[in-house]
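**Student:** Just dropping this structure here.
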Amino acid sequence: MALLVLISLPLLGALGVLVFKSRLFAVAVSTIIAFFTATIVMRPDLLMMFPSISLPSLALTPLSSILIILTSLMVLAIIMTSEDSFGFIALLLGIQAALFGVFCARTGLLFYIFWEMTLIPAFFMIVGWGSGDKLKIAIRFLLYNLVGSFALLAVFIYLFLNTHSFAFSDWMTMVFPQSHQLWLLVGLMIAFGIKLPLVPFHRWQPDTYECLPRSGTMLFSGLLSKLGIYGILVVMVPLVPHAMLIHRSLILTIISIGVIYASVVALAETGFKRVVATVSIAHGSMLAAGVFSLTPIGIQGGIVQIVAHSLGVTALFLCEPRVRSRFYLGILFLSVLGSIGLPLTVGFIGEFLILLGLSQVSLIYALVCGVSIVLGAWVMLTLYQNVQSSSDTPIRLTDDEETVLIALVSAIFILGIFPSVVLL
Amino acid sequence: MNPEFHYLILGCILFSIGVLGVLIRRNVIIVLMCVELMLNAVNLILVSVCEPIFVFFIMMVAAVEVSVGLALIARIYRKFGTTDISTFGQLKG
Amino acid sequence: MTAVLVLAGVGIIAMVSDAMGFGRWMRWVVGFGLIVAFAATFCPWEFATHMWEFDHVSLIWTRMLIGFSAVLYSLDTHEEGHYQRDALLIFSLIGAVLMTAFSHILMLFLAIEIMSIPLYVLAGTGDTHHSLEASLKYFILGSFATAILLFGIALGFAAIPAGSLLVVIGLCFKVGVVPFHLWVPDVYQGSPIRFTAFMSIVVKLAAIAGLSRFLALGFEYGPLLIGIATISMIIGAFLALHQSSFKRWMAYSGIAHAGFMVVLVAIGESVLPSLLLYAFIYGLGSLVVFGFFGLQKDFNDDIEALKGLFFRQKGSAVALILGMLSLAGIPPLPGFFAKFLVLAHSWNLGLSGVVTIAIIASLVSTFVYLKFIAVLFTQPKA
Amino acid sequence: MIKKHWAGIVASLVVFLLFLTSLAAFNRVHTTGAFEVPLLNWFAVSGMSVTWGLLFDSLSTLMFTMITGVAFLIHVYSIGYMADDDNRARFFWYLNLFVFFMVILVLSDNFLGMFVGWEGVGLCSYLLIGFWSNNRSYLTAAKKAFVMNRIGDLGFILGLLVMFLTFGSVQFSEVFSLVQQVPANDIALILITFLLFVGVTGKSAQLPLFTWLPDAMAGPTPVSALIHAATMVTAGIYMIARSSALYELAPQVLTIVMWVGVATAVVGAVIALRQSDIKKVLAYSTVSQLGFMVASLGAGATFPALFHMVTHAFFKALLFLGAGSVIHGMGGEQDMYKMGGLKRDMPLTFSVFLVGALALSGCPPFSGFFSKDAILLAVHHASPIAFYTLIGVSILTAIYVARMVFLVFFGSQRSDTHAHESPAVMTVPLVVLAVLAAGAGFYHPELELIMLGGTVILLALIWGLTYPRYAVKAVDDRCDQFLSFDLVYHALIVTPILASGRLIHSFFDRDIIDNTAGGFGELISGLGQSLRSLHSGSIGFYLWMITAYVAVFLIGFSIWPF
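Protein chains in written order, with this note's numbering: chain A, 43 to 466; chain B, 2 to 94; chain C, 86 to 467; chain D, 233 to 794.
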């Protein structure tokens, strides 16, 4: 029941925003949501104050707890720093509701519904608030993601007809024949690989990030891209473990190639947003590599890296070029450090665990992903130095942005020193 | 070889003639007449298999159709001065 | 049956209204009559003849048809003095209702005619070249199809098995599925939009009902119909890609949806509930699109004219978007569940080919719908 | 005065306190033995856990003391050197940050903690090299230093991974106790030690990753003295010394280590012969001296390496600071061929610089002699060839040192800038360092008369021969691109990577993936377009179509009833 409230809160908030047209209201709503989320996760016993209607279809796992807290905080940060109109913020809250839904869903149908629910507001964000050739970009974004969704739908229908139930629990207990497992694997790979995105499904991403307004980019990179990895963790790994284990080396090879691919492309990209976008493709692929190593440590690292990447990339997009005050340069440099995984940032923990997991499979994968870390450092430092020695832009950081940036960066470092919070 | 069968054959032939007429002729009125011919072919068959109610209803419906059709044609002729169906091809694609 | 009687009464009143000279009340009379008719479908007093029988299913269909017509009529803002047209509309509705309830083949034939002939006229009431052309096409092709259907009936009576096939073809023509859909886009585009809406909702559903009821008499055309249906999905989806006329566009989307429904029809009575649900959801979606948007006064048929509508009139834009998304089958809107049912049922029967094509088709058509929606957000070139 | 220099004074005081602490720790270790200070449980995942503490033993406290001592002197010196820079405060807080990470590096009780310091000092080195950020080439140098260090760090971290897989821990205590069970020449062990050594080649500027060090001279001179001569670059030495327990069990790797060291020593010395920039000369000399230390470690002799590390820290810091004072005096001029005859203008700087120079060229009784001597002996036991090579390197060292001294301080003044002696705040640390550089050798005097005599005669010979060439005539034999590895690396690595980036971006992304995806789109919309011709709009055509299909169905029906 509490989860139902959790999911409906943002929707009500969206309506309220449309009605009252007040930014303060939006901030208030998302703050309330954040507190509510924290309450649900920290003190499940407090849920007794809600009428206890048992909803087997909605439940919290440790992973989803981490993710919904991340989501609510990120949305709060985005709304605080957003300078877009109320329609945009309403869509944002709508997406938040959908994300909560996906993270809480325990049945395929709900999962798919909320999964799709993220797609449409995102589409409207692009066509409504994007810049440049937004129609073309929106349509490309849509085509890629629709292909993914329909692959997912096909898989879910198959599962439904074979188990006559939508509950994940029933699906996971079912054992499917090898050949079918392979097909399920392929379908899920397409569905989640496009969302993440993995090379070669990544081409929708840089244009989309570039076209969106800043808050939109933060949302897409910080939260929406996490849907892919969440799906892999929650649906794919429990569902087709054997097929994954059999084809692990193949998958890992593809992903490692993708990691290097993206890092190298990032060297050739120009423009702040595009570079960060491409680098985050590399990070996403590496994160996936950690999960696909199918070792407890690798998966653990993947989960840490979800948080790390979310924080880091949001901070980075928030610091798109501004007046080069010392504060700005400093905070930008710290975010860069976070994204290149320097020790004492949470990114380091994530990357280290991922590499450890990979090396348990084979040292080669660890080596390849490690090379991408070196390339990443190269790219990000070049980016930073370009900003450092570029000519001034008139915009300067507002107080809200400074607050949010400080919060994000300190989170990056605190979690780097005390990572046990995000370790399951 | 019972007699109904001959009627059936005749009906089919008439029907086919009607169809051919509809296909070949360009003049709306002729087309309309050919449709009537088809209906009457059907009537013939139905009579032969003794379904009288049907026949009456079909006649009635045919009459209605003709009246509507002729009205329509008249209107079209008054507006465009032609009854050649091949001139109506604006709606397409 | 009472509903039919009520409708008939209202129709006649509307017919003579101008002569009686209480024209300006007519709008209310007709609307009220429709509501009464809808209510009448709930009255227990029913009598069945060997010609028709309003059983449970056909009552549901009837309510759907009358309800949709009522809403459409109430949302219709095209004030025009000619209440004979409303009368014709009602007569056509009577035909549609009877189509869902026939129990004798003759009744089927008559219902089709009662439904169609008024529409031949109404299609032409636009009095433009397009409108007349639509009327002519509808008339000629319609009566041709009727003749074929009749021929089929006749052959049936002559105990020639091919007869039922011809009847099915005739019904498919009314439903408007490939390859007998050719008239649909032209007629929809040409007719005045209020009648287009009526055709694409009421007539299509009535035809579907008739088809399923006819097959329920014990004819087995599953493979044929499923083939037809899948082709319709594809054709409908692909041809909607490059349309500039809203009505024509809706016609193609209707063809695609007809394909989905015919799949259910072909699977048979076991999935009748799903068919009813699909029909209702389809009707609802089109109703929103037409009623809250298409029937607005200032709307001319051009899609390009919709550029930036979202920023001009939020209300109708949102309605349109919701309807479109539902038709596109995006969760959590009802359209998704409808499509999902079709996919699930056909996969259950092992029709994996159908599922594949259906998924491809709905991929394309989803894209088509969202492309349409995207237009609403693009600022028009100033 | 105080107001202007508060940042420097505070920073220096902090480091001084740290230095006192280090002395206390040093004292305690030598009285009561090693002890640990637990910090925190860092993280624990599925069985493997990393706790983080400080380990004080003779090795770490030695490093601790040396680092904080030298750092303190250099902080003080910097107060004078950076007096006119607007960003002093930032400079000093970077320096402090560096000291912090360096201390973490040497005091951590596990390899992961060491890695934290390891990357941390790399970060500070980046910040300080690019301190004058308005010069883009400095930034590039900084980036180069960081990235090349990262390459080494990759080796380090891979080594850690293998260590985890083998021992299930990275705690020194556990690893070094577990390693006893591992048989010698175990492949995992070889892998670990080798990968760790890759890390060393990055941080301690060994072949093939040494080229960042000369560029690092872009930073302010105190930075070069502290980070790129005395402390950070010796981290690698410390790491190998720390994990000698592992290396002893991997003799093949030790051989590699030694020969890499020797090669580096040679290359560094040879390149130093032809440099014109005084700091570059010192930089390459640092590379070469680090080569000495690594070679000695490779020869299995830990103590001489550490010994040389300490003495080198003293005299190289001294040389850099002396050079700094020269540059300061010359108003920022670094080209030796524009100096000359400075011994009149800056007598004090000259004398301390001379001490450093003699120590570097290993002239008894200065510290360098003893430490180098020890190394040579150790290497002699391992491999005579390496031994003679290193003798040759020492001779080269003497030559470039002599060249530097003569060009800078002797001969006639070759530029019109009037040099002036530096303020006391800079010269006092110089004197202190000079004393240390001169006397540190007696910490461990092993006199061998042959070596002693040989060295003295050799040096006298060299100085005599080079005097006329450089002091009198100041022959210009500069060749800054001499033996440039950078060109090779650019040609072989950097350019290909960038090129492939552009290629992938334009070819794979745009041409292949986009066109494939776009191709589907084209296909669909083309299909939609072409199907429209089906609706010709002509009634006749429609009638024909319907009839045709009816016929088809009828025929099909009669052939194959559905």
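Even for Gly, the Cβ is constructed at its ideal location relative to N, Cα and C. All values reported here derive from a predicted model rather than from experimental measurement.
(1) According to the neighbour-count rule (16 or more other Cβ atoms, all chains shown, within 10 Å of its Cβ), is D:ASP605 buried or exposed?
(2) Roughly how many angstroms separate the alpha carbons of C:ALA314 and C:GLY307, rounded to a whole number?
(3) What residue does the alpha helix (DSSP H) around D:THR466 start on, and which one ends it?
(4) Kindly list the residues whose CB is nearer than 6 angstroms to the CB of D:ASP718, restricted to its own chain and excluding five residues on each side of it in sequence; keep chain order.
(5) With 8 angstroms as the threshold, decide whether the Cβ of C:LEU520 is near any Cβ in chain B.
(6) Work out the CA separation of D:SER365 and A:GLU443 for me, nearest whole Å.
(7) Relative to the C-alpha of D:VAL335, which candidate in D:ALA501, D:MET464, D:GLY685 has its C-alpha closest?
(8) If I follow the unbroken alpha helix (DSSP H) through C:LEU290, where does it start and stop?
(9) Distance check for A:LEU161 and A:SER127, CA to CA, integer angstroms please.
(10) Which residues in chain D sit within 7 angstroms of B:ILE86, going by Cβ to Cβ distance?
(11) In the DSSP output, which residue or residues are listed as bridge partners for C:PHE187?
(12) Excluding sequence positions up to five away, which residues of its chain have a Cβ less than 8 angstroms from the Cβ of A:ILE459?
(13) Alpha carbon to alpha carbon, what distance is there between C:ILE233 and C:PRO203?
(14) Any C-beta of chain C sitting closer than 8 angstroms to the C-beta of A:ALA132?
(15) Mind the definition here: the segment 385-404 of chain D touches the segment 452-463 of chain D only if three or more C-beta pairs lie below 8 angstroms; say whether that holds.
(16) Can you tell me where the beta strand (DSSP E) with D:GLN280 in it begins and where it stops?
(17) Looking at D:LEU427: is its Cβ nearer than 8 angstroms to the Cβ of D:GLY387?
(18) One question on the structure: do A:PRO239 and A:GLY326 come within less than 8 angstroms of each other, judged by their Cβ atoms?
(19) Near C:PHE375, which residues of its chain fall below 6 angstroms by C-beta distance, leaving aside the five closest residues on each side in sequence?
(20) Return yes when the C-beta of A:PHE314 is under 7 angstroms from any heavy atom of the ligand FAD, and no when it is not.
(21) Take every Cβ of the segment 403-419 of chain C, pair it with every Cβ of the segment 238-247 of chain D, and state whether three or more of those distances are shorter than 8 angstroms.
(22) Restricting to Cα atoms, I'd like to know which of B:GLY94, B:VAL48, B:PRO4, B:GLY19 is closest to C:ALA230.
(23) List the residues of chain B whose Cβ lies closer than 7 angstroms to the Cβ of C:HIS167, in chain order.
(24) Can you check DSSP and say which residues form a bridge with A:ALA147?
(25) Give the interface partners of D:LEU775 over in chain B, defined as CB-CB distance under 7 angstroms, in chain order.
(26) Curious, which full-length alpha helix (DSSP H) runs of at least 4 residues does the segment 283-336 of chain A contain?
(27) What number of angstroms, rounded off, separates the C-alpha of A:SER207 from the C-alpha of A:TRP213?
(28) Closer than 8 angstroms by beta-carbon distance: list the chain C residues that pair up with B:ILE77, in chain order.
(29) Please confirm whether C:ASP383 has its beta-carbon closer than 8 angstroms to some beta-carbon of chain B.
(30) Examine the Cβ distances between the segment 285-293 of chain D and the segment 254-266 of chain D and report whether three or more of them are shorter than 8 angstroms.
(31) Assuming D:CYS356 and D:ARG506 form a contact by the criterion Cβ under 8 angstroms, report the distance between their Cβ atoms to the nearest whole angstrom.
(32) For D:LEU580, which residues in the same chain have their Cβ closer than 7 angstroms to its Cβ, ignoring the five residues on either side in sequence?
(33) Starting from D:ASN273 and walking both ways along the beta strand (DSSP E), at which residues does that stretch end?
(34) Between which two residues does the alpha helix (DSSP H) harbouring D:VAL430 extend?
(35) Of all the CB atoms in chain B, is at least one closer than 8 angstroms to the CB of D:SER768?
(36) Give the straight-line distance between the Cα atoms of C:LEU362 and D:TRP776, rounded to the nearest whole angstrom.
**Tutor:** Reading off the structure:
(1) Your numbering for residue 605 of chain D matches position 373 in the fourth sequence. D:ASP605 counts as buried, since at least 16 other C-beta atoms from the protein chains shown sit within 10 angstroms of its C-beta.
(2) As a position in the third sequence, residue 314 of chain C is number 229, starting the count at 1. As a position in the third sequence, residue 307 of chain C is number 222, starting the count at 1. The C-alpha of C:ALA314 lies about 10 angstroms from the C-alpha of C:GLY307.
(3) Within the fourth sequence, numbered from 1, the residue matching residue 466 of chain D stands at position 234. Note, D:THR466: premise wrong, no alpha helix (DSSP H); not H, not E.
(4) Residue 718 of chain D sits at position 486 when you count from the first residue of the fourth sequence. Once the five neighbours on either side are set aside, the close Cβ partners of D:ASP718 are THR443.
(5) Since the first residue of chain C shown is 86 and the last is 467, residue 520 of chain C is not available in this structure.
(6) Counting from 1 along the first sequence, the entry for residue 443 of chain A is found at position 401. Counting from 1 along the fourth sequence, the entry for residue 365 of chain D is found at position 133. Straight across, the Cα-Cα distance linking A:GLU443 with D:SER365 is about 25 angstroms.
(7) Position 103 of the fourth sequence holds residue 335 of chain D. The shortest C-alpha to C-alpha distance from D:VAL335 to any of D:ALA501, D:MET464, D:GLY685 is the one to D:MET464.
(8) The residue labelled residue 290 of chain C in the question sits at position 205 within the third sequence. For C:LEU290, the uninterrupted alpha helix (DSSP H) segment begins and ends at 289-301.
(9) Position 85 of the first sequence, counting from 1, holds the residue named residue 127 of chain A. Position 119 of the first sequence, counting from 1, holds the residue named residue 161 of chain A. Roughly 20 angstroms between the two C-alpha positions.
(10) Taking the first residue of the second sequence as position 1, residue 86 of chain B is located at position 85. What B:ILE86 touches in chain D: ILE771, GLY772.
(11) Within the third sequence, residue 187 of chain C is the residue found at index 102, counting from 1. Answer by DSSP bridge pairing, in chain order: C:TRP137.
(12) Taking the first residue of the first sequence as 1, we reach residue 459 of chain A at position 417. LEU386, listed in sequence order.
(13) In the third sequence, counting from the first residue as 1, residue 203 of chain C sits at position 118. In the third sequence, counting from the first residue as 1, residue 233 of chain C sits at position 148. C-alpha of C:PRO203 to C-alpha of C:ILE233: approximately 20 angstroms in a straight line.
(14) Along the first sequence, one-based indexing puts residue 132 of chain A at 90. Chain C, which has no Cβ nearer than 8 angstroms to the Cβ of A:ALA132, makes this no.
(15) The segment 385-404 of chain D is not in contact with the segment 452-463 of chain D.
(16) Translated into the one-based positions of the fourth sequence, residue 280 of chain D becomes position 48. First, the amino acid is wrong: residue 280 of chain D is Met here, not Gln. Per DSSP, D:MET280 belongs to the beta strand (DSSP E) from 280-288.
(17) Counting from 1 along the fourth sequence, the entry for residue 427 of chain D is found at position 195. Counting from 1 along the fourth sequence, the entry for residue 387 of chain D is found at position 155. Going by beta carbons, D:LEU427 and D:GLY387 fall inside the 8 angstroms limit.
(18) As a first step, residue 239 of chain A must be located in the first sequence, where it is residue number 197. As a first step, residue 326 of chain A must be located in the first sequence, where it is residue number 284. Cβ distance < 8 angstroms, so A:PRO239 and A:GLY326 count as in contact.
(19) Locating residue 375 of chain C in the third sequence gives position 290, counting from the first residue. Within its own chain, the residues whose Cβ lies closer than 6 angstroms to the Cβ of C:PHE375, once the five positions on either side in sequence are excluded, are ALA282, listed in chain order.
(20) Ligands are entirely absent from the displayed structure, and the ligand FAD is therefore not among its contents.
(21) No, because fewer than three Cβ pairs between the segment 403-419 of chain C and the segment 238-247 of chain D fall closer than 8 angstroms, the two stretches do not touch.
(22) To locate residue 230 of chain C, count along the third sequence from 1; it is residue 145. With respect to the C-alpha of C:ALA230, the residue from B:GLY94, B:VAL48, B:PRO4, B:GLY19 having the closest C-alpha is B:GLY19.
(23) Within the third sequence, numbered from 1, the residue matching residue 167 of chain C stands at position 82. Ordered by position in chain B, no residue passes the 7 angstroms Cβ test against C:HIS167, which lies about 15 angstroms from the chain.
(24) The sequence position of residue 147 of chain A within the first sequence is 105, counting from 1. DSSP output for A:ALA147 lists A:LEU100 as bridge partner(s).
(25) Here residue 775 of chain D refers to the residue found at position 543 of the fourth sequence. Residues of chain B whose Cβ lies closer than 7 angstroms to the Cβ of D:LEU775 are, in chain order, VAL23, LEU24.
(26) Qualifying alpha helix (DSSP H) stretches, in chain order: 283-288, 290-310, 314-334.
(27) Counting from one through the first sequence, the residue named residue 207 of chain A turns up at place 165. Counting from one through the first sequence, the residue named residue 213 of chain A turns up at place 171. Straight-line spacing of the CA atoms in A:SER207 and A:TRP213 works out to 8 angstroms.
(28) Counted from its first residue, the second sequence places residue 77 of chain B at position 76. Within 8 angstroms Cβ-Cβ: LEU217, LEU221.
(29) Counting from 1 along the third sequence, the entry for residue 383 of chain C is found at position 298. So, not an interface residue.
(30) Using a C-beta cut-off of 8 angstroms, the segment 285-293 of chain D makes contact with the segment 254-266 of chain D, since at least three inter-stretch Cβ pairs fall below that distance.
(31) The residue labelled residue 356 of chain D in the question sits at position 124 within the fourth sequence. The residue labelled residue 506 of chain D in the question sits at position 274 within the fourth sequence. With 8 angstroms as the limit, D:CYS356 and D:ARG506 do not qualify as a contact, their Cβ atoms being about 31 angstroms apart.
(32) For the purposes of this step, residue 580 of chain D is identified with residue 348 of the fourth sequence, where counting begins at 1. The beta carbon of D:LEU580 lies closer than 7 angstroms to those of GLU653, THR659 in the same chain, with the five residues before and after it left out.
(33) In the fourth sequence, the residue the question calls residue 273 of chain D occupies position 41. Segment 267-277, the beta strand (DSSP E) holding D:ASN273.
(34) As a first step, residue 430 of chain D is located in the fourth sequence; it is residue number 198 there, counting from the start. Element bounds for D:VAL430: 419-435.
(35) Taking the fourth sequence and counting its residues from 1, the one referred to as residue 768 of chain D is at position 536. So yes, D:SER768 belongs to the interface.
(36) Here residue 362 of chain C corresponds to residue number 277 of the third sequence, with the count starting at 1. Here residue 776 of chain D corresponds to residue number 544 of the fourth sequence, with the count starting at 1. As the crow flies, the alpha-carbon of C:LEU362 is around 36 angstroms from that of D:TRP776.
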